[in-house]
Amino acid sequence: MSMRTSLGVVRGLGSAKSGTEHFWHQRLTAIANVPLTILLVWFVISHLGSPRADVLASVRNPFVAIMLALAFLSILWHMRLGMQVVIEDYVHRAGWKLLALLLNSFYTTALGIAAFYAILKMSFGI
Amino acid sequence: MMADNTSRRPLSPHLQIYRPMLTMMMSIMHRITGVALYFGVLLLVWWLISAASNDHYFGIVEGFFFHWTGRLLLFGFTWALIHHGLGGLRHLLWDTGRGFDLRVVEWLARANLAGSIVLTLALWIFGYWVRS
């Protein structure tokens, strides 16, 4: 077991060099989320209660499908960055923190793939 | 281990010593709504997956959203989304270096809260009006 303090271990190594990118992607996706979320909410409101055939017909339109895919891409990327900050703020035990960060990546990636699969399947009419 | 020698150190006073203020509450709400939306998006993806599956499954999911618990969940989701969205616009304004004057900050906090409630109600009234 090392007698060195946490600070002593990391001193001189420098930063991870990824902080600015995190900050910038958070803002980039935040800006993109404004129009994309409005479109997404509009899509949901105009289809809740509609027959499934209407939803399929809408998503078959390439513009709608691409906008939906972009919305999920931006929103999920934003979610992953945001939750990462929350985890790093509150989970301090190294093992739990790693587990939480892993689950954060898995959850957002799984939702993204699921959403893209659903959008593409409907759009291509398979 | 790295993390062990930090756990028993005395901590400086944290949030609980401060008098609760609206701007502080809005900051906390921004984070809470963000976390709520994080899990709420699962419902949205569930709905999309059901639409891509078949009529029977789509009917089950729509049935859930039209039940009062589903509506309540969606209402909360709408409010969280608008609150987080308006809070985000506030942060984007601050990113440009503007809006740090205390009176402006206080006004923005009130506008954020009031705006989220008004817009949520407006959106739901609009939603019911469109669907009826």
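Residue numbers (this note's numbering), protein chains in the order written: chain A, -10 to 115; chain B, -14 to 117. Cβ coordinates follow ideal geometry from the N, Cα and C atoms, glycine included. Since this is a predicted model, take the numbers as computed values, not measurements.
1) Taking Cβ positions, are residue 18 of chain A and residue 47 of chain A nearer each other than 7 Å?
2) When you compare only the Cα positions, how much space is there between residue 113 of chain A and residue 61 of chain B?
3) Can you check whether the CB of residue 112 of chain B is closer than 7 Å to the CB of residue 71 of chain A?
4) With 7 Å as the threshold, decide whether the Cβ of residue 33 of chain B is near any Cβ in chain A.
5) Roughly how many whole angstroms lie between the Cα atoms of residue 27 of chain B and residue 108 of chain B?
6) DSSP state of residue -8 of chain A, grouped into three classes?
7) Mind checking the stretch 68 to 87 of chain B against chain A and listing, in chain order, the residues whose C-beta falls within less than 9 Å of any C-beta there?
8) Does DSSP put residue -6 of chain B in a helix, in a strand, or in coil?
9) Apart from the five residues on each side of it in sequence, which residues of its chain come closer than 7 Å, Cβ to Cβ, to residue 66 of chain B?
10) Taking residue 78 of chain A as part of the alpha helix (DSSP H), name the residues at either end of that continuous run.
11) Could you tell me which chain A residues have their CB closer than 9 Å to the CB of residue 3 of chain B, listed as they occur along the chain?
In terms of the structure at hand:
1) For the purposes of this step, residue 18 of chain A is taken as residue 29 along the first sequence, with counting starting at 1. For the purposes of this step, residue 47 of chain A is taken as residue 58 along the first sequence, with counting starting at 1. No, Cβ-Cβ distance for residue 18 of chain A and residue 47 of chain A is not below 7 Å.
2) Within the first sequence, numbered from 1, the residue matching residue 113 of chain A stands at position 124. Within the second sequence, numbered from 1, the residue matching residue 61 of chain B stands at position 76. Rounded to whole angstroms, residue 113 of chain A to residue 61 of chain B spans 33 Å at the Cα level.
3) Here the question's residue 71 of chain A lines up with position 82 in the first sequence. Here the question's residue 112 of chain B lines up with position 127 in the second sequence. Going by C-beta atoms, residue 71 of chain A is not nearer than 7 Å to residue 112 of chain B.
4) Translated into positions along the second sequence, residue 33 of chain B becomes position 48. Closer than 7 Å to some Cβ of chain A, the Cβ of residue 33 of chain B qualifies, so yes.
5) Stepping through the second sequence from its first residue, residue 27 of chain B is reached at position 42. Stepping through the second sequence from its first residue, residue 108 of chain B is reached at position 123. Between residue 27 of chain B and residue 108 of chain B, the C-alpha separation is close to 21 Å.
6) If you number the first sequence from 1, residue -8 of chain A lands on position 3. Coil.
7) Those residues of the stretch 68 to 87 of chain B that come within reach of chain A (Cβ to Cβ, closer than 9 Å) are 70, 73, 74, 76, 77 and 80.
8) Taking the first residue of the second sequence as position 1, residue -6 of chain B is located at position 9. If DSSP states are grouped into helix, strand and coil, residue -6 of chain B belongs with coil.
9) Here residue 66 of chain B corresponds to residue number 81 of the second sequence, with the count starting at 1. A distance below 7 Å between beta-carbons, with the five flanking residues on each side excluded, links residue 66 of chain B to the following residues of its chain, in chain order: 22.
10) Locating residue 78 of chain A in the first sequence gives position 89, counting from the first residue. From DSSP, the alpha helix (DSSP H) with residue 78 of chain A extends over 51 to 79.
11) On the second sequence, residue 3 of chain B is found 18 positions in, with the first residue counted as 1. The premise fails here: residue 3 of chain B is roughly 17 Å from chain A at the closest Cβ pair, so nothing lies under 9 Å.
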